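Chemist:
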Amino acid sequence: QKEVEQNSGPLSVPEGAIASLNCTYSDRGSQSFFWYRQYSGKSPELIMSIYSNGDKEDGRFTAQLNKASQYVSLLIRDSQPSDSATYLCAVIDSSASKIIFGSGTRLSIRP
Amino acid sequence: DAGITQSPRHKVTETGTPVTLRCHQTENHRYMYWYRQDPGHGLRLIHYSYGVKDTDKGEVSDGYSVSRSKTEDFLLTLESATSSQTSVYFCAISESRTGSGNTIYFGEGSWLTVV
């Protein structure tokens, strides 16, 4: 069973600080990785994708991928109350047949 | 926002009744998916379609059927609803297979309660 694991949280971070969200995956052959943000009662929204080892930055968001250690992380700089949401990690499996989602980490930004 | 519309958005139904959820897209994407989302389980794939009349099962397909008679419409049917099918259902679309690195985009969700 291919798995994507995330700490369910809640992760509480003060406003203006860096929020760090982590995800591990079991399928070593996975090649494509995504972060989705989901507000309560809403649908998941794609915020980042990453395919190569290293960092990828987009505004306040940085995705980090380490295939050797099988983890992917998301850093949110200068956290804002509007960043409070559940963040879903998603991985495309090595057979390239499907996308597997983690259960999500609930992030709360406190003023 | 991707042009994906789900209907109904909210429904309460009784155990044993049939229920159909509709997903309509205006993006002309080839692939369409139905997921359910439950606390502690995340998003789980029910069925997906890779073209008109071409469908396949996901990881939690028991009790569900799908049909796709047009590129833009993908229907999910619960033949005889059970309380375990109370969930939020998300339709999603992608331009090509997920393995190509292309990702998927979600509709607004349909909240289904089976009583």
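Which chain is which? The protein sequence lines are A and E, in order.
In short: position in the first sequence from 1, add 4, done, that's the working numbering.
In short: position in the second sequence from 1, add 3, done, that's the working numbering.
Cβ atoms here follow ideal geometry from the backbone N, Cα and C, with glycine treated the same way.
Here the structure is a predicted model, which is why all the values come from computation and not from measurement.
#1: Residues of chain E with CB closer than 7 Å to the CB of Pro-18 (chain A), please, in chain order.
#2: So is Phe-93 (chain E) in contact with chain A if we call contact Cβ pairs under 9 Å?
#3: Below 8 Å, how does it come out for the stretch 89-98 of chain A and the stretch 24-42 of chain A: are there three or more Cβ pairs, yes or no?
#4: By Cβ distance, which residues of its chain are closer than 8 Å to Ser-12 (chain A), with the 5 residues on each side in sequence left out?
#5: Taking 9 Å as the threshold (beta carbon to beta carbon), is Gly-108 (chain A) in contact with chain E?
#6: Name, please, each residue of chain E whose Cβ falls closer than 7 Å to the Cβ of Phe-105 (chain A).
#7: Quick one: Cα of Ala-95 (chain E) to Cα of Met-52 (chain A), how far?
#8: Please classify Ile-22 (chain A): is it buried, with 16 or more other beta-carbons within 10 angstroms of its beta-carbon, or exposed?
#9: Taking 9 Å as the threshold (beta carbon to beta carbon), is Leu-92 (chain A) in contact with chain E?
#10: Give me, in chain order, the residues of the same chain whose beta-carbon lies closer than 8 Å to that of Leu-48 (chain E); leave out the 5 immediate sequence neighbours on both sides.
#11: Who pairs with His-27 (chain E) in a beta bridge, going by DSSP?
#12: In chain E, which residues lie with their C-beta within 8 Å of the C-beta of Pro-48 (chain A)?
#13: Between which residues of its own chain and Pro-11 (chain E) is the CB-CB distance below 7 Å, once the five residues before and five after are set aside?
#14: Could you list which residues in chain E have their beta carbon closer than 7 Å to that of Ser-112 (chain A), in chain order?
#15: Taking 9 Å as the CB-CB cut-off, is Lys-102 (chain A) touching chain E?
#16: For Gly-112 (chain E), which residues in chain A fall below 9 Å Cβ to Cβ?
Modeler: Taking the structure as given:
#1: To locate residue 18 (chain A), count along the first sequence from 1; it is residue 14. Near Pro-18 (chain A) there are no residues of chain E at all, since even the closest Cβ is about 27 Å away, more than 7 Å.
#2: Locating residue 93 (chain E) in the second sequence gives position 90, counting from the first residue. Interface residue, yes.
#3: yes
#4: Within the first sequence, residue 12 (chain A) is the residue found at index 8, counting from 1. Excluding residues within five positions, the ones whose Cβ falls inside 8 Å are Ser-107, Gly-108, Thr-109, Arg-110.
#5: Against the first sequence, residue 108 (chain A) aligns to sequence position 104. At least one chain E Cβ lies under 9 Å of Gly-108 (chain A).
#6: Translated into the one-based positions of the first sequence, residue 105 (chain A) becomes position 101. Simply Gly-45, Leu-46.
#7: Here residue 95 (chain E) corresponds to residue number 92 of the second sequence, with the count starting at 1. Here residue 52 (chain A) corresponds to residue number 48 of the first sequence, with the count starting at 1. Looking at the two C-alpha atoms, the distance is approximately 17 Å.
#8: As a first step, residue 22 (chain A) is located in the first sequence; it is residue number 18 there, counting from the start. The residue is exposed, with fewer than 16 neighbouring Cβ atoms inside 10 Å.
#9: Indexing the first sequence from 1 puts residue 92 (chain A) at position 88. Cβ-Cβ to chain E under 9 Å: yes for Leu-92 (chain A).
#10: On the second sequence, position 45 is the one that residue 48 (chain E) refers to. Closer than 8 Å at the Cβ level, and outside the excluded window around Leu-48 (chain E), lie Tyr-36, Trp-37, Tyr-38, Gly-61, Glu-62, Val-63.
#11: Translated into positions along the second sequence, residue 27 (chain E) becomes position 24. Answer is E:Thr-8, E:Asp-76, bridged to His-27 (chain E).
#12: Locating residue 48 (chain A) in the first sequence gives position 44, counting from the first residue. What Pro-48 (chain A) touches in chain E: Leu-46, Phe-93, Phe-109.
#13: Locating residue 11 (chain E) in the second sequence gives position 8, counting from the first residue. Cβ within range, chain order: Ser-113.
#14: On the first sequence, residue 112 (chain A) is found 108 positions in, with the first residue counted as 1. What Ser-112 (chain A) touches in chain E: nothing, since even the nearest Cβ is about 17 Å away.
#15: By 1-based counting over the first sequence, the position of residue 102 (chain A) is 98. Chain E, which has a Cβ nearer than 9 Å to the Cβ of Lys-102 (chain A), makes this yes.
#16: As a first step, residue 112 (chain E) must be located in the second sequence, where it is residue number 109. Those are Gly-45, Lys-46, Ser-47, listed as they occur along chain A.
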